[in-house]
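The structure under discussion appears below in the form of structure tokens.
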Amino acid sequence: MTSSPVTRTSADTARAAVEVRLEGLSRHYGPVVALDHLDLTLQPGELIALLGPSGCGKTTTLRLLAGLEDADTGRITVGGRDLTRVSAAKRDMGMVFQAYSLFPHMTVRQNVAFGLRLRKVSAAQRDKRAIEMLDLVGLSTQADRYPHQLSGGQQQRVALARALAIEPQVLLLDEPLSALDAKVRAQLRDEIRRIQLDVGITTLFVTHDQEEALAIADRVGVMREGRLEQLAPPTEVYSRPATSFVAEFVGLSNRLAGEVRGGEVIVRGCKLPLVERDTPDGQVVALVRPEAVSLASNAPESEAGSGPLTGTVIAITFLGATSRVTVDLGDTRVMAQLPTSEASALTAGSRVVLAIRPDPVLVSAGADPAAAAAGEEA
Amino acid sequence: MAAVTALSETPAAESAGRPRGMQARRRRRLNLFRYVVFTVFGLFFLVPLLAMARFSLEGATLGTWSLTAWKQIASYQGTGVPPLISSIEITLELAVITCAVMLVLLVPTMIWVRLRVRWLARTMEFLCLLPLTIPAIALVVGLGQIYNRLQHFSLSALMLFWVYVILALPYAYQALSAGLSAIDVETLSEAARSLGASWFTVMMRVIAPNMRQAILNALLLTASLVLGEFTIAFLLLYNNLQVELYSISRNTPNAGVLFSTSLAALLLTFVLLLILSYAGRRRRGRG
Amino acid sequence: MAVAATTETGARPARAGRRLSAPAWVGTVPFLGYVAIFLLWPTGIVVVDALKNPNGAWAFSNITELGNPLVRGYFIGSFKLCLLSSLLGAVFGAILAYAVASGDPDGTVRRLYLAVSGVLAQFGGVTLAFAFLVVIGPVGLLFHASWFYSFPWGITVIYAYFQIPLMVLVFLPAIDGLKVQWREASENLGASAWQYWRHVGGPLLAPAFLGGTLLLFANALSAFATIWAWENQIAYIVPQQISIALSSEVGLSNVNVADLLALGMVIMVAIVMTGYALLQRRAARWLR
């Protein structure tokens, strides 16, 4: 990010991008705590993705920021201005909803120009700006169509254009891709990121799809039960999860029994470094990513017969470029993620020897991997 | 919306949003509006009803109370007209017959058209809404001839059911159509057919049970129409409940029994509708 | 669940394996036949007889009778009453519908008002006239409001009694169809409540509102019983004249007059209902 990030929502204006600060936000509905003293700061021009299961509070956070709901406690500051008591209409934010938010009785052009019309911009100016925004999202040819004549992906692009047309300080996206087909989702996701970087606007993006979050965010905030479990760049969230919830939710994990000794953990004969170096010695459960598990050289059976990482292939799941191989090691099962070229040599029943790459692993105290509540799959 | 407790009050939060935020304020304004509206309209609707109730409970001398009017429903006999109770019976029977015919005629046909004869759907909608277009009074002018012929078969007022079904078509159609569009008829019928069901089974055992709420609604609307129908019965010179009440009112304008009977009919319909609205929801809630 | 009589549905089930099954539309014959006899035929009679002379010859000039000042007067009277009561009913019904719709969708208030509306919408006729008789009439509870007896005011208030509930029933689904996202999106874009209604909510509800008004109009046009029982207003509108024409014993000529008046009514209502149907399609597309 540049030292003084700039928001360029139109060809001729550029403003300083704003910082968004949420402090101590809480909200509850009756006995249910939706948000528990959340603290979150978005750097100017940054895109933060809030990720988590349903009910974790990510949408609540977004709606509080937008002003569509009132916080019980806490403060919201945008660009130095305290917005906690300001009504949603005056917060100068653009929002894209999950679905159905385009006004059905207006054309695309009229939809996009709507915010400008409210601000008493002249018709000529409105039109120019609307076309500019539609160009940005690649839909200027559809300007005179009605929403019901567009596909889901197109509608969301119009919604994005409409949100940006008013030159907001902050962009809010509430699971904008959830209602779309997988292929459209991936395309639109990249486009949204491209536009966001182009325009340079501070953005909050809410999703339950971890792939989306990891792909487009500058930082990912994993939430659970109204609290932020971890806020960090995608690579860090993935490879150095702060809690086991994060490790389980983002990507897959193998849970393997191990023993910590002297700042390292020994898992099935392999010495692996720890994410937290000062973990006390003892029995633990280590979380190992499937892509850290690979095939050792295929030693002939007589030699490799009984190593701790020797086992039988149970299942192979073809995922395209990679394949996931499930191996039974006798007392436990392990998932390995291999390039398909390697995996294609295997069949169910093959004997293999595995190796674990020495990436830092997260451990949690306890001896029995199966005792944890969460299952293997995220 | 939320009832706020002290649990999340943080001393450190400076401009801590009180629970009375913008949205809460708006909600309160809306509630005020609603209360006012409900009160005003409630009064408007209640006043005549209460007046009727008061008159139906009036005793022989002004200022006394008595249940005579209500007890009279079963026994009232004006001069020169059949007893009130017989017209009540006839009307109730008419309601039942009309509902039965509607059930047998409209429900299967609508499901059938939806399943197999899609191209007739528009026509059917047009036909079913047509009776709204043709005022009963205008219809009667043309019905006269037909009823002349019908009267060769029977002179009973029950013959009115033929035309009552037509009158109730628009309402029943709307109710059933709403019910049909709420379920995925195609998928259900394809699933049943693939398991070997005949079309009859599909209609009666698969689709219809899923429309129970809508069917009940349609029947209820039909019944309340029959209970309140006056025009056609009157002009065709039959004697149903409303016609009877009218005759009594011509002779004895303030007979208490007029009010008690009317109120009874209203209350009956109201209670049935209310029960219906609860019956429907609970099923949906579980699903 | 009542079992359908096999005679009616017998034609429909095409049992698997039976070569000689009838085409599907045969199953609609009972219904179509019924409607043909009891709806289309009488209507046809009305139309045809209206255009005939008392002695049976065609007389298309009968239509000019509709221009007769007396007849015109009746139609205008009907029109005035219907317009007034439908406008009043539409506006107040819409307000009430909004109040009901903005509450808890499963709540008691909503159920209550819907049940009440269901009952009162059908509550025309004799009973209604009684009810108002006791409120306003000679022995009424309230003071004598003399304006009540002048056409069309008193009867309009009475009509409101069933027009408003009907509007609630018809308009409520439209309000329910307003998606919350539209409100939130417009708020987010900077619209105040007034601006939302002016630019978004209003235009979206307009077809349904107009449609409802038209329906109320048609409903008022057809209302006969109420007026018949509320004697004072008797001579002013078309339905009464039809009845008089029908029950009068003065020769055959009156049958044709009745037909003519009926035809006039049918045309009026047909125009109104076509408008209604078109508006409903529009509204349905947006608010489904």
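Chains as they are written, first to last, in my numbering: chain W, 5 to 382; chain U, 244 to 530; chain G, 11 to 298.
For glycine and all other residues, C-beta sits at the position ideal for the given N, C-alpha and C.
Just so we're clear, the structure is a prediction, and the values are computed from it rather than from any experiment.
Exercise. Would G:GLN290 count as contacting chain W if we go by Cβ distances under 9 Å?
Worked result: By this cut-off, G:GLN290 is not an interface position.
Exercise. Who pairs with W:ALA419 in a beta bridge, going by DSSP?
Worked result: Not covered by the structure: residue 419 of chain W. The range shown for chain W is 5 to 382.
Exercise. How about G:MET283: is its C-beta nearer than 9 Å to some C-beta of chain U?
Worked result: Yes, contact with chain U.
Problem set entry | Cβ-based burial, W:HIS152 [other Cβ within 10 Å; buried from 16] | By the neighbour-count criterion, in which a residue is buried when 16 or more other Cβ atoms sit within 10 angstroms of its Cβ, W:HIS152 is exposed.
Problem set entry | Close-in-space but distant-in-sequence residues of the same chain around W:MET227 (CB under 8 Å, 5 per side omitted) | Shown here for W:MET227: same chain residues with a beta carbon closer than 8 Å to its own, the five before and five after excluded, namely LEU54, LEU55, GLY56, CYS60, GLY61, LYS62, THR65, GLU233 in chain order.
Exercise. So, does the CB of W:TYR104 fall closer than 9 Å to a CB anywhere in chain B?
Worked result: Given the protein chain composition of this structure (W, U and G), no chain B is represented.
Exercise. Tell me which same chain residues have a C-beta within less than 7 Å of the C-beta of W:ARG361, skipping the five on either side of it?
Worked result: Counting only Cβ-Cβ distances below 7 Å, and skipping sequence neighbours, we find ALA296, SER298.
Exercise. Should W:GLN287 go down as buried or exposed, given a rule of 16 or more other Cβ atoms within 10 Å for buried?
Worked result: W:GLN287 should be labelled exposed.
Exercise. Using DSSP with H/G/I as helix, E/B as strand and the rest coil, what is W:PRO362?
Worked result: If DSSP states are grouped into helix, strand and coil, W:PRO362 belongs with coil.
Problem set entry | Straight-line Cα distance separating U:PHE404 from U:SER531 | This structure cannot speak to residue 531 of chain U, because chain U is shown only from 244 to 530.
Exercise. What separation, rounded to the nearest whole angstrom, lies between the Cα atoms of U:THR376 and W:TYR33?
Worked result: In this structure, the straight-line span from the alpha carbon of U:THR376 to that of W:TYR33 is close to 50 Å.
Exercise. Quick one: does G:TRP35 have its CB under 9 Å from some CB of chain U?
Worked result: For G:TRP35, the answer is yes, since a Cβ of chain U falls inside 9 Å of its Cβ.
Problem set entry | Proximity test, Cβ basis, 9 Å: G:SER202 and chain W | Yes, because at least one Cβ of chain W sits closer than 9 Å to the Cβ of G:SER202.
Problem set entry | Residue-chain proximity (W:LYS94, chain G), Cβ-Cβ < 9 Å | It does: the Cβ of W:LYS94 has a partner Cβ on chain G nearer than 9 Å.
Problem set entry | Proximity below 9 Å, CB of U:TYR390 to CB of U:LEU484 | In this structure, the beta-carbon distance from U:TYR390 to U:LEU484 does not fall below 9 Å.
Exercise. Taking only beta-carbon atoms, is U:GLN485 less than 9 Å away from chain W?
Worked result: No - not a single Cβ of chain W is within 9 Å of the one on U:GLN485.
Problem set entry | Top-ranked residue by Cα proximity to W:ALA319, from W:ARG89, W:LEU333, W:VAL90, W:GLY353 | Taking only the C-alpha atoms, the option nearest W:ALA319 is W:GLY353.
Exercise. Can you tell me whether DSSP reads G:PHE89 as helix, strand or coil?
Worked result: DSSP places G:PHE89 in the helix class (H, G or I) of the three-state scheme.
Exercise. Applying the criterion that 16 or more other CB atoms from any shown protein chain within 10 Å of the CB defines a buried residue, is G:ILE281 buried or exposed?
Worked result: With fewer than 16 Cβ atoms within 10 Å of its Cβ, G:ILE281 is classed as exposed.
Problem set entry | Assigned secondary structure, W:TYR104 (DSSP; H/G/I helix, E/B strand, else coil) | In the three-state reduction of the DSSP assignment, W:TYR104 falls in the coil class.
Problem set entry | Cβ-based neighbour list, U:MET447, same chain, cut-off 6 Å, excluding 5 preceding and 5 following | Counting only Cβ-Cβ distances below 6 Å, and skipping sequence neighbours, we find nothing.
Problem set entry | 6 Å CB neighbourhood of U:ILE409 in its chain, flanking five on each side removed | The answer, listed in chain order, is PRO374.
For this session: Run down chain W in chain order and give the residues with a C-beta less than 7 Å from the C-beta of G:TRP296.
Result: PRO108, HIS109, listed in chain order.
Exercise. So what does DSSP say about G:PHE227, is it helix, strand or coil?
Worked result: Helix at G:PHE227.
Problem set entry | Own chain, CB closer than 6 Å to G:THR53, minus 5 neighbours either side, in chain order | So no residue of the chain qualifies.
Problem set entry | Partner residues on chain W for G:LEU220, Cβ-Cβ distance less than 9 Å | Simply none; closest approach about 14 Å.
For this session: Inspect the beta-carbon positions of U:GLY316 and U:ILE328 and report whether they are closer than 9 Å.
Result: The sequence shown places Ile at residue 316 of chain U, not Gly. In this structure, U:ILE328 lies closer than 9 Å to U:ILE316 by Cβ.
Problem set entry | Contact under 9 Å by Cβ, U:VAL445 with U:LEU358 | Taking 9 Å as the Cβ cut-off, U:VAL445 and U:LEU358 qualify as a contacting pair.
Problem set entry | Reduced DSSP category for W:GLY230 - H, G, I as helix; E, B as strand; rest coil | Correct three-state label for W:GLY230: coil.
For this session: Anything in chain G within Cβ reach of U:SER309, meaning under 8 Å, just list it in chain order.
Result: Near U:SER309 there are no residues of chain G at all, since even the closest Cβ is about 17 Å away, more than 8 Å.
Exercise. By DSSP, does W:THR321 sit in helix, in strand, or in coil?
Worked result: In this structure, W:THR321 counts as strand in the three-state DSSP scheme.
Exercise. How many angstroms separate the CA atom of U:LEU289 from the CA atom of U:VAL283?
Worked result: Approximately 10 Å, taken between the alpha carbons.
For this session: Could I get the ranges of all uninterrupted beta strand (DSSP E) runs contained in the segment 35–87 of chain W, with 3 residues as the minimum, in chain order?
Result: Qualifying beta strand (DSSP E) stretches, in chain order: 36–46, 51–55, 77–82.
For this session: Using 10 angstroms around the beta-carbon of U:TYR416, count the other beta-carbons present and answer buried if the total reaches 16, otherwise exposed.
Result: So U:TYR416 counts as buried.
Exercise. If we count the other Cβ atoms within 10 Å of its Cβ and call it buried at 16 or more, is U:GLU429 buried or exposed?
Worked result: By the neighbour-count rule (16 or more Cβ atoms within 10 Å), U:GLU429 is not buried but exposed.
Problem set entry | Identity of the residues DSSP links to W:VAL264 by a beta bridge | Checking the DSSP bridge columns, you'll see W:VAL264 partnered with W:VAL269, W:GLY286.
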